[in-house]
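**Student:** Input: one structure, supplied below.
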Amino acid sequence: MSTFQIDFGAEDRVVGIDLGTTNSLVAFMDLTGPKIIPGADEDRLVPSVVSIQENGEAVVGNAARELLITESERTVYSVKRLMGRGLADVQDELKLFPFKVDQGSDSVIRLKLGDKTLTPPEVSAYVLRQLKHNAEVYLGEAVNKAVITVPAYFNDAQRQATKDAGRIAGLDVLRLVNEPTAASLAYGLDKRKNGVIAVYDLGGGTFDISILKLHDGLFEVLATNGDTHLGGDDIDNLMLRIALEDIHSEWGEDLSGDKEGIQRLRRAVIHAKEQLSFVPFTSIDLEYRGRRYTREITRDLFEKLVTPIVDRTLGPCRDCIKDAGVSVAQIDEVVMVGGSTRIPMVRSAVETLFRAKPHTELNPDEVVALGAAVQAGILSGHVEDKLLLDVTPLSLGIETMGGVVSKLIHRNSTIPASATENFTTAVDGQRNVLIHVLQGERELVKDCRSLARFDLKDINPMPAGLARIEVRFLIDANGILNVTARDQRTGKEHSVDVKPSYGLTDEQVEGMILESFDKAEEDFQARQVREARVEADTILGALDKARRNDAYFELSEEERGAIDRATNELLLVYHADDHELILNKIEQLNEVTMSLAENMMNTAVRGALKGTKIE
Amino acid sequence: MNPSSDYYELLGMPRQFSLSQDVLQARFYELSRQWHPDKFARRSEAERQSALDLSSSLNDAYRTLRDPVKRAEYLLRLEGFDMGEQGSKDVPPELLEEVFELNMALEELRSGDESAKAQLEQARNNFVKMLSKIDADLGSESAQYDANPVKDTLSRIRILLNRRKYIHNLVEQVPGPSLS
């Protein structure tokens with residue numbers, strides 16, 4: 032670390048990541064507040080699109096988005112919709128998304144991209160690696176810790192899949208934070224000391240509504256509701272269907288099986304949709320294989336199309352208000368999050384329901400990432416006056432006799448939350464007890480979402496009903512279930528074998544991490560060198576400026592000589608492919624500039640230190 | 306602070322039925338600021354685990370004590386009463402006839418007989434009235450216990466609570482405005 036940077040917990044750097052359906056962003060906290068980190072192309076949004084090249088390398092973001100059209104069979108988007116889901120869950124999506132799926136996988140979806148077969152967490156890991164890289168280049172230091180946002184209504188498997196993606200990408204995921212809650216942090220609504228706010232979050236693929244109570248910097252979520260399968264993608268699909276029908280009758284050709292055609296048309300449809308937020312009419316235009324399709328679309332028609340989708344968000348809003356135990360009149364402010372809230376009709380529907388003009392000051396695409404950075408600041412100890420108390424969106428229960436679910440932790444309970452339950456054996460000499468855990472609000476097992484089966488193994492053989500095993504179900508601050516068991520007769524921890532119903536086992540994730548390490552070894556070395564050079568650039572740049580500072584001239588001849596020598600040595604090794612050597616010389620330069628840095632701090636420059644670097 | 310303390314101790318509240326919601330909330334917020342896992346993200350694994358245990362107990366405690374019915378059931382359990390499900394499943398004897406009629410009317414409505422609607426509505430109103438009487442009785446009995454804690458009062462409260470739960474479940478099955 033360069034001494035010319037003010038230590039803002041760099042060794043403890045935690046970034047905030049919004050891993051979105053359509054776009055992803057990374058942000059960090061500096062002295063003035065949360066900041067979005069742009070990529071090398073200066074774009075603040077990284078499209079959540081991954082393309083696997085023939086040589087096995089991944090292309091991510093804007094470049095991959097271009098490949099959606101020309102190399103659609105090896106390119107994937109909106110993979111967030113598949114996170115933590117089984118094959119049976121996504122049959123509808125697969126009709127419209129051009130994903131090739133390995134039909135042999137029930138509990139984890141496997142996508143065929145070129146020669147590779149990847150699970151959704153592995154695909155998301157590519158997006159996360161890109162964001163990690165962008166942050167490292169921008170900050171000039173390694174980034175290993177992150178807060179990642181998830182839709183508030185994500186279930187356990189979807190959360191676990193997101194955490195797995197982080198691990199595969201080499202990130203220590205310190206916290207999963209709910210997107211609407213993150214957004215409320217970014218809005219700085221705690222300036223209002225006390226009050227009730229609603230956050231309406233309609234993104235590319237998911238919808239969340241949360242109602243929070245503010246209390247002197249403490250954000251207490253009262254209730255949350257939503258739909259993890261509702262968003263801008265659905266609007267695109269409606270428009271796409273109409274355009275496909277038009278084309279079928281005009282051209283006499285069905286484009287729906289034509290991957291490239293469909294991608295081009297999807298892009299045209301999205302363009303028209305975005306236009307309609309600002310102009311009263313526009314057109315969907317497609318030129319493809321020498322033919323031309325144009326259809327004028329007015330905002331009136333668009334709104335008729337979108338009405339059923341907006342209506343689907345209102346039910347969860349009403350339920351959420353009821354669960355929060357507040358009346359509409361008690362809600363002081365409404366915050367809008369997600370790109371789809373740019374649609375004027377969405378805004379007016381929300382305004383009508385909540386009888387309040389919604390906040391739209393912050394960019395709805397960026398607000399979640401900014402909030403994630405604030406949460407990162409809370410975890411690294413740099414933000415002390417704020418605290419989030421979030422809730423679990425779904426009730427947790429276990430299967431009992433007759434396929435009925437017995438609820439242990441109710442939805443909207445503040446997390447961490449726990450429940451204990453005693454289990455025993457039903458027959459003499461029984462060695463195992465199987466516990467089936469589910470999430471959902473319905474009474475019957477078949478109507479809830481299976482979460483996992485926990486096997487209490489190696490019970491000492493004894494007559495039926497004598498064994499006493501106390502099982503503790505704990506939903507942690509990430510909204511993820513942890514199960515521990517204790518044999519009450521011996522007082523010893525009892526082993527629990529977990530079989531997740533959807534998603535990867537721990538061993539599978541470990542395997543993926545190892546695999547990515549193997550392949551990344553060379554990459555890694557090249558990157559370390561690159562990073563060391565970035566660090567060298569930073570210190571050399573800072574020194575250059577420092578040489579013009581009064582403090583520099585206060586140094587002794589000897590001290591200035593030492594700085595010159597160390598600078599030259601660093602410049603000599605700068606182009607060597609040995610990061611340790613470069614870091615070593617940086618360290619040396621750091622040492623000899625120590626008193627310069629101190630002098631500078633002591634002179635009047637303190638006031639000018641707005642950023643993290645001395646200007 | 307010890308996660309295995311009882312909920313009253315954990316939140317520093319007196320062990321009684323009636324609690325000040327404002328004080329309870331203030332305590333909860335104050336302790337959350339101290340013990341939430343966010344405050345321990347950079348500590349050792351062991352410290353993080355104990356903060357997790359403590360803050361989950363704290364949340365469980367607040368959830369129980371802020372709800373008057375859950376709080377009453379909890380206090381009875383602390384005082385050694387068995388608050389299992391069975392107590393609220395048996396029909397209170399004095400209600401046998403009314404429960405029977407209500408169930409008949411429900412059955413008729415389910416089989417498509419709309420004429421049962423008026424009867425149901427009446428039965429429902431009756432039970433809702435009973436509920437508010439029970440709540441009033443619970444209020445006075447708990448006040449009595451808080452002033453003079455004797456076991457007999459607790460036994461009466463337990464019967465009232467079981468009856469309340471039974472009627473509550475019953476009314477929920479009948480279509481109509483939801484109960485609070």
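As given, the protein sequences belong to chains W and E, one line each in that order. Heads up: the first sequence is residues 32 to 646, going by our numbering. Heads up: the second sequence is residues 306 to 485, going by our numbering. Ideal placement from N, C-alpha and C gives every residue a C-beta, glycine not left out. None of these values were measured; they are calculated from a predicted model.
Counting contacts by CB-CB distance shorter than 7 Å, is Tyr334(E) in contact with chain W?
**Tutor:** Yes, contact with chain W.
**Student:** Would you verify that the beta carbon of His246(W) is, or is not, closer than 7 Å to some beta carbon of chain E?
**Tutor:** Yes, His246(W) counts as interfacial toward chain E.
**Student:** Please list the terminal residues of the continuous alpha helix (DSSP H) segment that includes Arg463(E).
**Tutor:** Per DSSP, Arg463(E) belongs to the alpha helix (DSSP H) from Lys456 to Gln478.
**Student:** Any beta-carbon of chain E closer than 7 Å to the one on Ala508(W)?
**Tutor:** Closer than 7 Å: yes.
**Student:** Which residues bound the beta strand (DSSP E) around Lys353(W)?
**Tutor:** Not the beta strand (DSSP E): Lys353(W) falls in the alpha helix (DSSP H), residues Arg330 to Ala355.
**Student:** Return no unless some Cβ of chain E is closer than 7 Å to the Cβ of Ile67(W).
**Tutor:** Cβ-Cβ to chain E under 7 Å: no for Ile67(W).
**Student:** Pick helix, strand or coil for Ser33(W), following the three-state DSSP scheme.
**Tutor:** Because the pLDDT at Ser33(W) is just 38, under 50, the model does not fix this residue reliably, and the point stays unresolved.
**Student:** Check this for me: beta carbons of Arg190(W) and Leu207(W), under 7 Å apart or not?
**Tutor:** Result yes, Cβ atoms of Arg190(W) and Leu207(W) sit closer than 7 Å.
**Student:** Taking a contact to mean a Cβ-Cβ separation below 7 Å, would you say Pro211(W) touches Ser361(E) in this structure?
**Tutor:** Contact flag unset, no.
**Student:** Starting from Gly64(W), trace the beta strand (DSSP E) in both directions and tell me its first and last residue.
**Tutor:** Gly64 to Ile67 is the span of the beta strand (DSSP E), which, as asked, contains Gly64(W).
**Student:** Distance check for Gln134(W) and Glu358(E), CA to CA, integer angstroms please.
**Tutor:** Rather than Glu, the amino acid found at residue 358(E) in this sequence is Asp. Approximately 42 Å, taken between the alpha carbons.
**Student:** Would DSSP call Met60(W) helix, strand or coil?
**Tutor:** The answer is strand: DSSP assigns Met60(W) an E or B state.
**Student:** Using only CA atoms, which one of Glu541(W), Ile199(W) and Ala404(W) lies nearest to Val414(W)?
**Tutor:** Closest option to Val414(W), Cα to Cα, is Ala404(W).
**Student:** Which residues in chain W have a C-beta closer than 7 Å to the C-beta of Val342(E)? List them in chain order.
**Tutor:** Sequence inspection shows Pro at residue 342(E); the Val mentioned does not correspond to that position. Those within 7 Å of Pro342(E) in chain W are Pro447 and Ala508.
**Student:** Using the Cα positions of Asn467(E) and His441(W), report the straight-line distance between them to the nearest angstrom.
**Tutor:** Each residue's Cα considered, the two are about 21 Å apart.
**Student:** Which first and last residues belong to the alpha helix (DSSP H) in which Gly292(W) is found?
**Tutor:** Lys290 to Gln306 is the span of the alpha helix (DSSP H), which, as asked, contains Gly292(W).
**Student:** Assuming Val565(W) contacts Ala597(W) under a Cβ cut-off of 8 Å, what Cβ separation, rounded to an integer in Å, is found between them?
**Tutor:** Going by Cβ atoms, the distance from Val565(W) to Ala597(W) rounds to 18 Å, so no, they are not a contact pair.
**Student:** State the start and end residues of the unbroken beta strand (DSSP E) segment that holds Lys194(W).
**Tutor:** No beta strand (DSSP E) holds Lys194(W); the alpha helix (DSSP H) holding it covers Asp187 to Ile199.
**Student:** Using the DSSP secondary-structure output, state which residues sit across from Ala254(W) in a beta bridge.
**Tutor:** Per DSSP, Ile242(W).
**Student:** Would you mind telling me which residues of chain E sit closer than 9 Å to Ile409(W), beta carbon to beta carbon, in chain order?
**Tutor:** Asp343, Lys344 and Ala346, listed in chain order.
**Student:** With a Cβ-Cβ cutoff of 7 Å, do Ile68(W) and Asn165(W) count as a contact?
**Tutor:** Yes; because the gap between Cβ atoms is below 7 Å, this pair is in contact.
**Student:** Excluding the 5 residues preceding and the 5 following Glu378(E) in the sequence, name in chain order all residues of the same chain whose CB lies nearer than 8 Å to its CB.
**Tutor:** Met388 and Leu466.
**Student:** So, for Gly64(W): in the same chain, excluding its five sequence neighbours on each side, which residues have a beta-carbon less than 7 Å away from its beta-carbon?
**Tutor:** Excluding positions up to five away in sequence, the list is empty.
**Student:** Going by DSSP, what residue range makes up the alpha helix (DSSP H) through Ala71(W)?
**Tutor:** Note, Ala71(W): premise wrong, no alpha helix (DSSP H); not H, not E.
**Student:** Beta-carbon within less than 8 Å of Ala428(E)'s beta-carbon, same chain only, minus the 5 sequence neighbours each way: which residues are those?
**Tutor:** Around Ala428(E): Glu403, Glu406, Leu407, Ala410 and Val479.
**Student:** Should Thr344(W) go down as buried or exposed, given a rule of 16 or more other Cβ atoms within 10 Å for buried?
**Tutor:** Buried, because 16 or more other Cβ atoms sit within 10 Å of the Cβ of Thr344(W).
**Student:** In chain order, what residues of the same chain have a beta carbon less than 7 Å from the beta carbon of Met435(E), not counting five sequence neighbours either side?
**Tutor:** Taken in chain order, the residues that qualify are Ile472.
**Student:** Which two residues bound the contiguous beta strand (DSSP E) that contains Ala508(W)?
**Tutor:** Premise fails: Ala508(W) is in no beta strand (DSSP E) and is neither H nor E.
**Student:** Taking its Cβ as the centre, do 16 or more other Cβ atoms sit within 10 Å of Ile49(W), making it buried, or is it exposed?
**Tutor:** Note that residue 49(W) is Asp in the sequence shown here, rather than Ile. Buried is the call here.
**Student:** Following the continuous beta strand (DSSP E) through Lys147(W), name the residue where it begins and the one where it ends.
**Tutor:** Lys147(W) -> beta strand (DSSP E) spans Lys147 to Leu149.
**Student:** Quick check on DSSP: helix, strand or coil for Ile645(W)?
**Tutor:** Summary for Ile645(W): the model assigns pLDDT 41, below 50, so the residue's position carries little reliability, and this model does not support an answer.
**Student:** With 7 Å as the threshold, decide whether the Cβ of Leu627(W) is near any Cβ in chain E.
**Tutor:** Not an interface residue.
**Student:** Within 10 Å of its beta-carbon, does Gln354(E) have 16 or more other beta-carbons around it, so buried, or fewer, so exposed?
**Tutor:** By the 10 Å Cβ count, Gln354(E) comes out exposed.
**Student:** By how many angstroms is the C-alpha of Leu253(W) removed from the C-alpha of Phe39(W)?
**Tutor:** Any reading at Phe39(W) is ruled out, since the residue's pLDDT is 42, under 50, leaving its predicted position unreliable.
**Student:** Just the Cα atoms here: how many angstroms apart are Val636(W) and Asn225(W)?
**Tutor:** The pLDDT assigned to Val636(W) is 47, lower than 50, so where the model puts this residue is not dependable; a value taken from the coordinates is nonetheless given after this. Whole-angstrom Cα-Cα distance: 38 Å.
**Student:** Please give me, in chain order, every unbroken run of the alpha helix (DSSP H) with length at least 4 that falls completely inside the stretch 94-172 of chain W.
**Tutor:** Here the runs fully enclosed are 122-127 and 151-170.
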